[in-house]
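**Student:** Right, I'll just put the structure down here and ask away after.
Here it is, written out as structure tokens:
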């Protein structure tokens, strides 16, 4: 169940990133880095999520919370799912 939930939230993240417009340079860099990590996690569903990914998620949430609320909600869901997976 955790892998299925993780897969769904990662897919939602990809969809949100594709739809997100008007990013500043820092925002673009944050999402590119997260997307690379998400690709790696997607390839190996049994892999643990490194602390760096959780930190990137938190930083992204803080960066986007006022300018991109829908993306922020998806990032928050990702953080919750990955954290609840015992990581």
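Residue numbers (my numbering): 72 to 158. Glycine included, C-beta positions come from ideal geometry on N, C-alpha and C.
Using beta-carbon positions only, say whether residue 134 and residue 97 come within less than 8 Å of one another.
**Tutor:** Numbered from 1 along the chain shown, position 63 holds the residue referred to as residue 134. Numbered from 1 along the chain shown, position 26 holds the residue referred to as residue 97. Result yes, Cβ atoms of residue 134 and residue 97 sit closer than 8 Å.
**Student:** How far does the alpha helix (DSSP H) with residue 141 in it extend, from its first residue to its last?
**Tutor:** Within the chain shown, numbered from 1, the residue matching residue 141 stands at position 70. Segment 140-155, the alpha helix (DSSP H) holding residue 141.
**Student:** Short of 6 Å in beta carbon distance, which residues of its chain neighbour residue 83, apart from the five on each side in sequence? Order them along the chain.
**Tutor:** Position 12 of the chain shown, counting from 1, holds the residue named residue 83. Counting only Cβ-Cβ distances below 6 Å, and skipping sequence neighbours, we find 145.
**Student:** Relative to the C-alpha of residue 153, which residue among 136, 137, 109 is closest?
**Tutor:** Against the chain shown, residue 153 aligns to sequence position 82. The shortest Cα separation from residue 153 among 136, 137, 109 belongs to 109.
**Student:** Could you check where the alpha helix (DSSP H) with residue 126 kicks off and where it finishes?
**Tutor:** As a working mapping, residue 126 is identified with position 55 in the chain shown. Its alpha helix (DSSP H) spans residues 122-135.
**Student:** Where residue 106 and residue 85 are concerned, what is the direct C-alpha to C-alpha distance, given to the nearest angstrom?
**Tutor:** As a working note, residue 106 is residue 35 in the chain shown. As a working note, residue 85 is residue 14 in the chain shown. Approximately 7 Å, taken between the alpha carbons.
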